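Here the structure is laid out as structure tokens; the discussion comes afterwards.
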Amino acid sequence: MSSNQKRKTNHSACLKCTFGVVVSNITLFSESNRSDYALQGEHASLHCHYHTAPDETVSSVRWEWKHRGSEEKVEVYVWRPNRRPVAKGIFFGRTDVSNTDPSVIIIRQAHMDMEGQYRCVVQTNEMSAYTEFQFIVIVDACQENVWKTHLDMDSCTDTILMHCVGLFPKPSASCGVFNEDTRNYLTSVPFDRIVTLRNSTYEITLTNRYVIRDWTSYTNISFKCFFVIDGTSWRRGITYKLFGASWIKIFRVIDIKIYGFKKRSGR
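Following UniProt numbering, the numbering of the sequence shown begins with 1 at its first residue and continues without gaps.
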């Protein structure tokens, strides 16, 4: 054997000896086939992915949880060989403790209380390692029925109203008048009010009134407004055709005729 081959063999043997448990990532599988969030009330599972050296044995897999805004971590789930898992705190009575897979927590019903940062700590006879994951549980309260619109032919105005109660977590707004022809927003509109309720969900309101005279330069505009939960693909909202293209065109003709009459009468 050459000296180079000996060095490679010794290096490989050394790596094998010193290599210990590695916790790569945590993944979420929800009943709605999402990996970035779970809806309150649905089944979900958290998977802690790890691998060990051939001569290494796992003595425990512990899950720690930290609520959003808190600095304190709390142990909420523990697996040990030849024992039933122990669920504590937010997971007590809410998980399947008959599950024998050390890397998986099976959640019977996701709840907003479970939202927060999780740490999976794998302990072996050699060492321990961990990784972290932000688990987001959404209370999907803002459906299409929270929106109301009213087109007033007499005042030539279009009003959009929204009142949503019970959404969680706190959403961001992505709202405004949208030009369908150029595919860009002409305005940006925030929510009028976001109030935290006693149960930690949110009440959100929005009222916008548009006067057709202010928008006669456009013939194809909509009001788009979406609730967005940061860090997820979740979004709810509406796309509402403002005034209707035909009404804008009619108003433009009327406005031009009135303007022309006033101009002639002033001569």
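A virtual CB, placed ideally from N, CA and C, is assigned to each residue, including glycine. As the structure is a prediction and not an experimental result, all values here were calculated from the model.
Cβ atoms of residue j and residue i: under 8 Å apart, would you say?
i, j, result
"residue 319", "I136", "The shown model of the chain, from 1 to 267, leaves out residue 319, and the question about it has no answer."
"S45", "I138", "no"
"E56", "N125", "yes"
"N179", "Y218", "yes"
"F29", "H49", "no"
"T131", "S24", "yes"
"C164", "I221", "no"
"A110", "L39", "yes"
"G237", "Q134", "no"
Excluding sequence positions up to five away, which residues of its chain have a Cβ less than 7 Å from the Cβ of residue i?
i, result
"K170", "I194 and Y202"
"T207", "L161 and D192"
"P85", "Y77, V78, W79, V97 and N99"
"Y210", "T157, D158 and L242"
"P102", "V58, V61 and W79"
"K166", "According to the sequence displayed, residue 166 carries Gly and not Lys. Hits under 7 Å: V139, A141 and T201."
Between residue i and the rest of its own chain, which residues show a CB-CB distance below 6 Å, the 5 nearest in sequence each way excluded?
i, result
"W65", "V74, V76, G116 and Y118"
"C175", "V189 and C225"
"D214", "none"
"R235", "F226 and V228"
"D181", "N220"
"E31", "E42 and H43"
"H67", "G116"
Near residue i, what residues of its chain come up, given a Cβ to Cβ distance below 8 Å and the 5 sequence neighbours on each side ignored?
i, result
"residue 270", "The chain is shown only over 1 to 267; residue 270 falls outside these bounds and no answer can be derived."
"S200", "M112 and F168"
"S70", "G116"
Assuming residue i contacts residue j (C-beta within less than 8 Å), just tell me the rounded distance between them.
i, j, result
"W79", "S60", "7 Å"
"F168", "M114", "Actually they do not touch by this definition, with Cβ atoms about 11 Å apart."
"V121", "R62", "5 Å"
Just the C-alpha distance for residue i and residue j, rounded to the nearest angstrom, thanks.
i, j, result
"K148", "S233", "25 Å"
"D36", "V22", "23 Å"
"Y185", "A173", "13 Å"
"S152", "R183", "Reading off the sequence shown, one finds Asp at residue 152, where the question assumed Ser. The alpha-carbon atoms of D152 and R183 are separated by roughly 26 Å."
"T216", "H150", "19 Å"
"N33", "E72", "31 Å"
"R108", "V177", "42 Å"
"I90", "P81", "23 Å"
"D154", "F223", "21 Å"
| message | Pairs of beta-carbons, one from the region 139-151 and one from the region 85-101, closer than 8 Å: are there three or more? | response | no
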